[in-house]
Amino acid sequence: MRSRLVLLGSVLGSLPAFAALPEKVTFEDHVLPILQNACNNCHNPDKKKAGLDLTSYGTSIQGSDGGKVVLPGDAAASLLLKCIKGTEEPVMPPKGDRLNANDIAIIEKWIALRAPESLNSKGAPVANNVAAAAVSLTRPSGPPPMPGASLPKGPILQADRSNALIALAASPWAPVMAVGGQKQVLLYHSDTLELLGLLPFPEGLPTIVRFSRNGELVMAGGGIGAKSGKVALWKIATGERIATVGNEVDQVLAADLSPDQTTVALGGPNRLLKFYSTKDGKLIQSNKKHTDWVTAVAYSPDGQFVASADRAGGVVVWEAATGAESITLPGHKTAVNALGFLPGLLASAGQDGTIVLWDVAEGKERKKWAAHPGGCEFVDFTSDGKIISCGRDKVAKVWDQTGKVLLTTQPLSEIALRAVLSGETVMAGDWNGKVQAFLLADGGKPFGDVFTVAVAAPAPAASKPAVK
């Protein structure tokens, strides 16, 4: 019998927390004193062991004979952090006492904040490094990508209060799910509920998480309400942050990565659908069609189309290659909260409680049914073509494409905002920030609580509690 419950209390009790650190960690004020005490006897302008000089900001960012040791925005992949943690050779410092947990946490947060030099400086830009992928509708050969052992498992960031779980995704091929937390994404094993690793997102609150079609990448979008928004990409195996796109003046509320991994489509309160290149982070195109906040974005698995939806009930399908409008789907009179895509088939979730299936080629409604009284908050397709949804009735449901319900979970404690199906496990997150796991074989009975999100989330709107 699989593990019934994994509690995070012991983890939280044993890990240092960023909350005890300065809000902005800089090289001059916080990192340099640590390096002077522990590292600069070997890594100075005179000795420069391995070609590395850590006595100044410029030389630290420049790196060693072997390359960069600090990757701004990607602490997990930074060699400097690995060496001082002792997870990779050469261990630093090689002699004497190791750095204490607080000093390590300071350096880790500094890198995660994109390594700012001083209080008045911004962090260094993150260089994109995304390889294009072949588009395939079938399971990739070989073992599915899993988080590697080198991914950090702490500190887990917390704020003063719990709030809505608004970012949840499952790998299409591996037993892994991603949960948006406070300035980070947490990766869990969906069978054992074990914490597998953390991905820093210092830009703010993740409002959307997704996996790439091949399962090799994790995407998160979000930011700070009415201030800034970004989308980030990581390699799941190493935790390396390989791309950052978007320069929004508000949170990113919806985003998706194209199946070939070359483009991110995103939207939010500015009512625009934007396309960014993952290669260089540049804006490719900006489409003005929606009359209200863009609430959902989804690429078709074959990469032919991308769909977007808004709070006014608008659903638009675009040609992915050109960004040109293909068709507008007029089926919803209230907010559309989520979209899911199969080749030729689009699912939309309405605040009126309905799920609608659309024939994309003909632009016609194929099936519509009442799914969640009071409002359907989420819908998506699973890798085997089932439909997963949840809503204001506090339950998650699994459906076939005829609208026949295959499973209804036991009620959550509050409005169910997100749900995923990973193997034989349904994961559902609610308004209180709680994620519960349910087994299909047990008829929707819960078998574990995974994570309670303690975050500062946006205030809810009456029509869309999951976002603002």
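Residue numbers (our numbering): 11 to 478. We put the CB at the ideal spot given by N, CA and C, even for glycine. Predicted, not measured: the structure shown is a model, and the values here were computed from it.
Closest residue to residue i among the options (Cα-Cα distance)
| i | options | result |
| --- | --- | --- |
| residue 88 | 162, 431 and 40 | 162 |
| residue 68 | 51, 198, 32 and 128 | 128 |
| residue 49 | 78, 94 and 74 | 94 |
| residue 166 | 197, 401, 47 and 373 | 197 |
| residue 82 | 120, 148 and 99 | 120 |
| residue 278 | 309, 243, 319 and 247 | 319 |
| residue 145 | 130, 172, 374 and 273 | 273 |
| residue 401 | 387, 409 and 112 | 387 |
| residue 174 | 427, 374 and 209 | 427 |
| residue 276 | 247, 289, 237 and 217 | 217 |
| residue 334 | 372, 294 and 341 | 294 |
| residue 52 | 65, 40 and 411 | 65 |
| residue 141 | 252, 411 and 211 | 252 |
| residue 455 | 135, 248, 392 and 422 | 422 |
| residue 207 | 384, 352, 343 and 248 | 248 |
| residue 209 | 172, 176, 180 and 250 | 250 |
| residue 34 | 211, 325, 123 and 85 | 123 |
| residue 280 | 192, 62 and 237 | 237 |
Beta-carbon contacts of residue i that lie in its chain and below 6 Å, excluding the five residues immediately before and after
| i | result |
| --- | --- |
| residue 389 | 348, 350, 357, 359, 365 and 399 |
| residue 377 | 367 and 413 |
| residue 448 | 419, 436, 454 and 456 |
| residue 134 | 82, 124 and 125 |
Where residue i falls, given that 16 or more other Cβ within 10 Å makes a residue buried
| i | result |
| --- | --- |
| residue 11 | Annotation note: pLDDT 36 at residue 11 (below 50); position unreliable, coordinate value reported separately. Flag for residue 11 reads exposed. |
| residue 451 | exposed |
| residue 213 | buried |
| residue 224 | buried |
| residue 118 | buried |
| residue 395 | exposed |
| residue 60 | exposed |
| residue 130 | exposed |
| residue 483 | Summary: the structure shown does not reach residue 483, with the chain confined to residues 11 through 478, and so no result is reported for it. |
| residue 36 | buried |
| residue 132 | exposed |
| residue 152 | exposed |
| residue 55 | exposed |
| residue 410 | exposed |
| residue 104 | exposed |
| residue 530 | Here the chain comprises residues numbered 11 to 478, so residue 530 is not present and cannot be evaluated. |
| residue 245 | buried |
| residue 106 | exposed |
Cβ-Cβ distance between residue i and residue j below 8 Å
| i | j | result |
| --- | --- | --- |
| residue 262 | residue 327 | no |
| residue 125 | residue 44 | no |
| residue 282 | residue 298 | yes |
| residue 271 | residue 227 | yes |
| residue 264 | residue 330 | no |
| residue 438 | residue 419 | yes |
| residue 115 | residue 205 | no |
| residue 260 | residue 239 | yes |
| residue 430 | residue 187 | yes |
| residue 391 | residue 339 | no |
Integer Cβ distance of residue i from residue j, believed to fall under 8 Å
| i | j | result |
| --- | --- | --- |
| residue 230 | residue 256 | That belief does not hold up - the Cβ atoms of residue 230 and residue 256 are roughly 11 Å apart, past 8 Å. |
| residue 363 | residue 381 | 6 Å |
| residue 435 | residue 200 | 5 Å |
| residue 109 | residue 311 | Incorrect: roughly 46 Å between the Cβ atoms, too far for contact. |
| residue 160 | residue 202 | About 19 Å separates the two Cβ atoms, so there is no contact after all. |
| residue 149 | residue 183 | 6 Å |
| residue 254 | residue 138 | 7 Å |
| residue 90 | residue 79 | 4 Å |
| residue 178 | residue 408 | Not quite, the Cβ-Cβ distance comes to about 15 Å (not below 8 Å), so this is no contact. |
Residues near residue i by beta carbon distance below 7 Å, same chain, minus five either side
| i | result |
| --- | --- |
| residue 315 | 327, 328, 329, 330, 336 and 370 |
| residue 482 | The requested residue 482 does not occur in the structure, where the chain is confined to residues 11 to 478. |
| residue 185 | 199, 200, 201, 432 and 433 |
Minimum Cβ-Cβ distance from residue i to chain D less than 8 Å
| i | result |
| --- | --- |
| residue 97 | Although the question refers to chain D, the structure presented lacks it and comprises just one protein chain. |
Proximity test, residue i beta-carbon vs the ligand FAD heavy atom, cut-off 7 Å
| i | result |
| --- | --- |
| residue 439 | No copy of the ligand FAD appears in this structure; indeed no ligand is present at all. |
Contacts around residue i, its chain only, beta-carbon distance under 8 Å, and the 5 residues preceding and following it disregarded
| i | result |
| --- | --- |
| residue 40 | 32, 116 and 120 |
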